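Just so you know, the sequences run in chain order D and Z. Every letter in the first sequence is one number past the one before it in our numbering, and letter 99, counting from 1, is 94. Positions in the second sequence are counted from 1; adding 5 to them yields our numbering.
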Amino acid sequence: GEDVEQSLFLSVREGDSSVINCTYTDSSSTYLYWYKQEPGAGLQLLTYIFSNMDMKQDQRLTVLLNKKDKHLSLRIADTQTGDSAIYFCAESQYSGGGADGLTFGKGTHLIIQP
Amino acid sequence: EPEVTQTPSHQVTQMGQEVILRCVPISNHLYFYWYRQILGQKVEFLVSFYNNEISEKSEIFDDQFSVERPDGSNFTLKIRSTKLEDSAMYFCASTIRGRTYEQYFGPGTRLTVT
């Protein structure tokens, strides 16, 4: 079955860039996602990328997709204390009509050092 | 901004009891989902629901689980006879028709089975 892997922790200094990495196994993944979870809160959809793209930028967030290596990354520029959270990578096989479930990684805890 | 809401935020129940977890999806959304996250593990897809029927379900979603949209606003997950291993955070999500790759999550219900 599908699998999504990410490292569990990342520590960065405030103001630096954070790069969170993810690998996935399913070559038929159509959409790849980054969700953010702050303490006590739900999963917030940050951004997603369609599998025929290799980059997507949205303000401080840059998503890079290497489909050949099945590698996805999320870069957060100028990391702030408010970025401290768990970041989940996820994938789906969007069929265009169905309600496809997402497959998630375990999440990466982003720790910001002052 | 419209949000998915879930009640209760925390439910404690005894093994063997039935529980109903409630979700109010975003009002113009038509696809609904349940996920769960056992402590320290990945977020796992349980079931998706569209047009008053189940669209897709995972292996986890066995006969002890059921879902229902009892009225125009609520979406419920029922666990008939809870087991200790059902203790988890349960997340509801919803999407709009035509953009089912954008799933919006609620804050979750923490279910503790004793």
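C-beta: ideal position from N, C-alpha, C; glycine also. Keep in mind it's a predicted model, so treat the numbers as computed, not measured.
**Prompt:** At a CB-CB cut-off below 8 angstroms, which residues of chain D make contact with Ser63 of chain Z?
**Reply:** By 1-based counting over the second sequence, the position of residue 63 of chain Z is 58. Annotation: Cβ neighbours of Ser63 of chain Z in chain D (cutoff 8 angstroms, chain order): Gly96.
**Prompt:** With distances taken between CB atoms, is the gap from Ile81 of chain D to Thr57 of chain D smaller than 9 angstroms?
**Reply:** One-based indexing of the first sequence puts residue 81 of chain D at position 86. One-based indexing of the first sequence puts residue 57 of chain D at position 62. No, the Cβ-Cβ distance between Ile81 of chain D and Thr57 of chain D is not below 9 angstroms.
**Asked** Is the distance from the Cβ of Ala98 of chain Z to the Cβ of Tyr38 of chain Z below 9 angstroms?
**Response** As a working mapping, residue 98 of chain Z is identified with position 93 in the second sequence. As a working mapping, residue 38 of chain Z is identified with position 33 in the second sequence. Yes.
**Asked** To the nearest angstrom, how far is it from the Cα of Gly111 of chain Z to the Cα of Ser68 of chain D?
**Response** Along the second sequence, one-based indexing puts residue 111 of chain Z at 106. Along the first sequence, one-based indexing puts residue 68 of chain D at 73. Near 25 angstroms, if we compare the C-alpha coordinates of Ser68 of chain D and Gly111 of chain Z.
**Request:** Taking Tyr43 of chain D as the query, report the chain Z residues whose CB atoms sit under 8 angstroms from its CB, ordered along the chain.
**Result:** What you label residue 43 of chain D is simply residue 48 of the first sequence in a count that begins at 1. In chain order: Tyr106 and Glu107.
**Prompt:** Just to check, is the beta-carbon of Arg74 of chain Z closer than 8 angstroms to a non-hydrogen atom of the ligand NAD?
**Reply:** In the structure on display, the ligand NAD does not appear, and there are no ligands present to speak of.
**Residues near Pro75 of chain Z in its chain [Cβ-Cβ closer than 7 angstroms; skip 5 each side]** = Position 70 of the second sequence holds residue 75 of chain Z. Correct list, in chain order: Thr81.
**Message:** Does chain Z have any CB closer than 9 angstroms to the CB of Leu69 of chain D?
**Reply:** By 1-based counting over the first sequence, the position of residue 69 of chain D is 74. No, Leu69 of chain D does not count as interfacial toward chain Z.
**Request:** Examine chain D for any beta-carbon lying closer than 9 angstroms to the beta-carbon of Val48 of chain Z, and answer yes or no.
**Result:** If you number the second sequence from 1, residue 48 of chain Z lands on position 43. Under the Cβ criterion of 9 angstroms, Val48 of chain Z is counted among the residues facing chain D.
**Asked** So what does DSSP say about Glu9 of chain D, is it helix, strand or coil?
**Response** Numbered from 1 along the first sequence, position 14 holds the residue referred to as residue 9 of chain D. DSSP places Glu9 of chain D in coil when its eight states are reduced to three.
**Message:** Please tell me whether Leu38 of chain D has its Cβ less than 9 angstroms away from any Cβ of chain Z.
**Reply:** The sequence position of residue 38 of chain D within the first sequence is 43, counting from 1. Cβ-Cβ to chain Z under 9 angstroms: yes for Leu38 of chain D.
**Request:** Please list, in chain order, all residues of the same chain as Ser87 of chain D whose beta carbon is under 6 angstroms from its beta carbon, the five residues on each side excluded.
**Result:** As a working mapping, residue 87 of chain D is identified with position 92 in the first sequence. So the qualifying residues of the chain are Tyr26, Asp95 and Leu97.
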